[in-house]
Amino acid sequence: MSSADVIGSNDDIITEILLHLPAKSLVKFKLVSRKWLSLISDPNFVLRHCRQSPKTVSGFILAIVEPFDFKCPPTYMYMSLYENKNQNQNSNSVQSRANFPSFDPSAPGAIMISQSCNGLLLCYSQRYGSPAPCVYYVFNPATNKFSILPEPICHEYSEIILQGQAMPRPPLPENWNSDNFRHFMECQGHLLFIDFDSPEYVIYEMENDCSKWFVKYRLDINLIVTAFPDEMINDKENNSSISLLELEEFISPVSLVEVENEGSLLVMYIPGRFIAYRFKDNTFKTIRE
Numbered sequence: 001m002s003s004a005d006v007i008g009s010n011d012d013i014i015t016e017i018l019l020h021l022p023a024k025s026l027v028k029f030k031l032v033s034r035k036w037l038s039l040i041s042d043p044n045f046v047l048r049h050c051r052q053s054p055k056t057v058s059g060f061i062l063a064i065v066e067p068f069d070f071k072c073p074p075t076y077m078y079m080s081l082y083e084n085k086n087q088n089q090n091s092n093s094v095q096s097r098a099n100f101p102s103f104d105p106s107a108p109g110a111i112m113i114s115q116s117c118n119g120l121l122l123c124y125s126q127r128y129g130s131p132a133p134c135v136y137y138v139f140n141p142a143t144n145k146f147s148i149l150p151e152p153i154c155h156e157y158s159e160i161i162l163q164g165q166a167m168p169r170p171p172l173p174e175n176w177n178s179d180n181f182r183h184f185m186e187c188q189g190h191l192l193f194i195d196f197d198s199p200e201y202v203i204y205e206m207e208n209d210c211s212k213w214f215v216k217y218r219l220d221i222n223l224i225v226t227a228f229p230d231e232m233i234n235d236k237e238n239n240s241s242i243s244l245l246e247l248e249e250f251i252s253p254v255s256l257v258e259v260e261n262e263g264s265l266l267v268m269y270i271p272g273r274f275i276a277y278r279f280k281d282n283t284f285k286t287i288r289e
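No gaps in the numbering here: position 34 of the sequence shown is 34 in the UniProt record's numbering, and each next residue is one more.
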């Protein structure tokens, strides 16, 4: 028996090889044989591949809401984290609600995106003014397939439970003001908590075993004001009277992401543009104006 036959007949070896391939290749390799289809479709394989794949992202899907019209469904804009000098900055960025997300024609109302995780979108459909409950979906935009989630049973909880245990409190000061809270999110397999402790954003990350939080990064917002003075200080004559707390109101942290060859980026919105702060070299870049 040749070496190729030995490898081809060993599911464990094939699995280890497939685990190191990108997701796009795996979709194609499902067509090789029924055996490969079974291996790649196995839930344990999917979980292992997800855990060991590089935790990088290429962009964001942003919800654009009409001011003061909360009954109007949002439109969605795709914002890339990579610079593409060969294309117009705004080309192919806005996708209308006519084609995204409209994967379920029978949905009772507009479909909106709630959260994302590992390439899947948690969406919900709701008709304003209707007593009908929301319909929740898990949608895979890569395959255009979706599953409808069963209606949840609502209970009141006094604490958040992760993996069967109560989530510890971040190491915040005893006199911590909840107004300083800025963001709580899961991002690329990590749970993050962003707090504003003037003059800094403090980014906490949960340990993998959910036992405690630790400070991952700090960002002094004076750096943002220095890098983008025109956007942050509109009233030049009275800029000396503007406090950091007032300036911070113009900053909206979006997410902390890992980008290939760039490391950790804190993506933020400031008046007129989306920016990213790169922690490895303490630099900013404009993603989109």
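Beta carbons are placed, not taken as given, at the ideal position from N, Cα and C, and that holds for glycine.
N- and C-terminal bounds of the beta strand (DSSP E) containing residue i
i	result
D195	H190 to D197
L121	L120 to Q126
E248	Looking at the DSSP string, E248 is not in any beta strand (DSSP E); the run it does join, the alpha helix (DSSP H), is L244 to E248.
I111	A110 to C117
Per DSSP, cross-strand counterpart(s) of residue i
i	result
R278	L265 and T283
V259	G263
N140	K145
G59	S80
R218	V202
S178	S178 is not bridged to any residue.
Segment limits, alpha helix (DSSP H) that includes residue i
i	result
P229	P229 to M232
V32	Counting along the chain, V32 falls outside any alpha helix (DSSP H), and DSSP gives it neither H nor E.
H49	P43 to Q52
E186	Segment F181 to C187 is the beta strand (DSSP E) holding E186; no alpha helix (DSSP H) there.
L18	D11 to L18
Whole-Å CB distance - residue i paired with residue j, under 8 Å assumed
i	j	result
I275	L247	That pair is no contact at about 14 Å.
C117	Y124	Not really, about 15 Å apart at Cβ, beyond 8 Å.
P271	F250	6 Å
L39	L18	7 Å
Y204	S264	With 8 Å as the limit, Y204 and S264 do not qualify as a contact, their Cβ atoms being about 14 Å apart.
P253	H183	5 Å
R278	E262	6 Å
- Is there contact between the stretch 22-34 and the stretch 3-13, where contact requires at least three CB pairs shorter than 8 Å? no
- Query: Is the stretch 203-214 touching the stretch 163-182, taking contact as three or more C-beta pairs under 8 Å?
  - Reply: yes
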